[in-house]
Amino acid sequence: MAINPSQRIHRYEKNYSSYRLIFVIVISCILMYQDSQDGYTKTLRTYLSVLAYPVTYVVNLPNNTLKGFRVALSERSSIIDENKRLKKENIQLKSDLQEVYKLDAENKRLYELLDSYPDRQKKFLFADIIATSSVLDRHQIIIDKGSNDGVNLGDAVADPNGIIGHVIRDQVFSSEVLLISDLEHAIPIEITDTGERAIAYGTGNKNLLSIKSIPPNSKAQKGAVVITSGLGGRYPEGFPVGEISELGRKEGENFLTIDLSPFANLEMINEIWVIQTGVTENE
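Here the sequence shown stands for residues 13 to 295, where the numbers follow our numbering.
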């Protein structure tokens, strides 16, 4: 029986496929055997991987680039958030540090104020200044404590360095204080070196008081400390007032002229202390 051409081609393809499968199996067996013996195929794979690397790199380049962008954006966002958080923490820490400095400074001033007064039995009341006199030649301040806080007319007022004045008007929630430098102010004092007592008058200059009743034979010297004498009962005894800066006798005068520099900085008063003695007076 004759075989037509199409059947011949089909049989040929079938036989070719069988032969090709057998060939591949044989080659695979040979390669596996060679690889188990001397690693020849391992070397071949290495060469092939080197040759294929550029192709693999190019194929994966878009994906790797996109991934890199995503990581970079994520890291940038994370860094920005971290930077904001650190800035906020830094501001908070600086604020806390400033508060620590402030509290430390306030504590030091409080200790100085406590240590400057010999009589601890008296009642002291802290106050803040809320206003100063708008009249040029009047040395007065207004504080934020009044009769509602126990402040009385005539109470002495001091800062950490010494006496600054006394209460001349007590309102419910505030009080007016006349400074020792005011022209209408007078304070009984004692010179510690000699024990001499006199009156120190305001001069209208916040850095200067004047003593005019010390006899010319006084042994008082420049730099001597002056304290309150306690006479009159308005100012308690023993509180620092100032020191003698100049003294001398003018021709025709019966007493020495003594300049007194206040210990208190009347130009820049911060914390003050009302010495509550209960003394009241009518003006």
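Glycine is no exception: its CB is placed at the ideal position from the N, C-alpha and C atoms.
Using a Cβ-Cβ cutoff of less than 8 Å, which residues in the same chain neighbour residue i once the five nearest sequence positions on both sides are dropped?
i: Asn217; result: Ser193
i: Ser225; result: Ala210, Ile211, Phe267
Note the first and the last residue of the continuous beta strand (DSSP E) segment covering residue i.
i: Glu135; result: As written in the sequence, residue 135 is Lys, which differs from the Glu given in the question. Segment 135-139, the beta strand (DSSP E) holding Lys135.
i: Lys224; result: 221-226
i: His151; result: No beta strand (DSSP E) holds His151; DSSP gives it neither H nor E.
i: Val169; result: 168-170
i: Asp182; result: 175-182
i: Ser241; result: Careful: Ser241 lies outside any beta strand (DSSP E) and carries neither H nor E.
i: Gly158; result: Here Gly158 belongs to no beta strand (DSSP E), and DSSP marks it neither H nor E.
i: Ala198; result: 198-203
i: Ala232; result: Premise fails: Ala232 is in no beta strand (DSSP E) and is neither H nor E.
i: Thr269; result: 268-274
i: Pro252; result: 252-260
i: Ile192; result: Careful: Ile192 lies outside any beta strand (DSSP E) and carries neither H nor E.
Between residue i and residue j, how many whole angstroms is the CB-CB distance? I'm expecting something under 8 Å.
i: Ile284; j: Ile155; result: 7 Å
i: Gly158; j: Phe185; result: 5 Å
i: Val237; j: Ile175; result: Wrong, their Cβ atoms sit about 13 Å apart, outside the cutoff.
Does the Cβ of residue i have 16 or more other Cβ atoms within 10 Å, making it buried, or fewer, making it exposed?
i: Gln110; result: Note that Gln110 scores a pLDDT of 45, beneath 50, so its modelled location is shaky and nothing firm can be said.
i: Ala143; result: exposed
i: Leu148; result: exposed
i: Val179; result: buried
i: Asp182; result: buried
i: Ala84; result: exposed
i: Val38; result: exposed
i: Gly214; result: buried
i: Ile199; result: buried
i: Val70; result: exposed
Between residue i and the rest of its own chain, which residues show a CB-CB distance below 6 Å, the 5 nearest in sequence each way excluded?
i: Lys234; result: Ile256
i: Asn173; result: Phe275, Ala276
i: Asp140; result: Asp156
i: Glu202; result: Arg209, Ile239, Ser241
i: His151; result: Leu191, Ser193, Asp194
Are the C-beta atoms of residue i and some chain C residue less than 9 Å apart?
i: Ala84; result: In the structure shown, chain C does not exist; there is a single protein chain.
Margin query: Does the stretch 272-284 come into contact with the stretch 206-225, if we say contact requires no fewer than three beta-carbon pairs (one atom in each stretch) closer than 8 Å?
Written below: A contact exists between the stretch 272-284 and the stretch 206-225.
Notebook entry, point to check: Are the stretch 260-273 and the stretch 167-178 touching, with three or more C-beta to C-beta distances below 8 Å?
Noted result: Contact fails: fewer than three Cβ-Cβ distances are below 8 Å.
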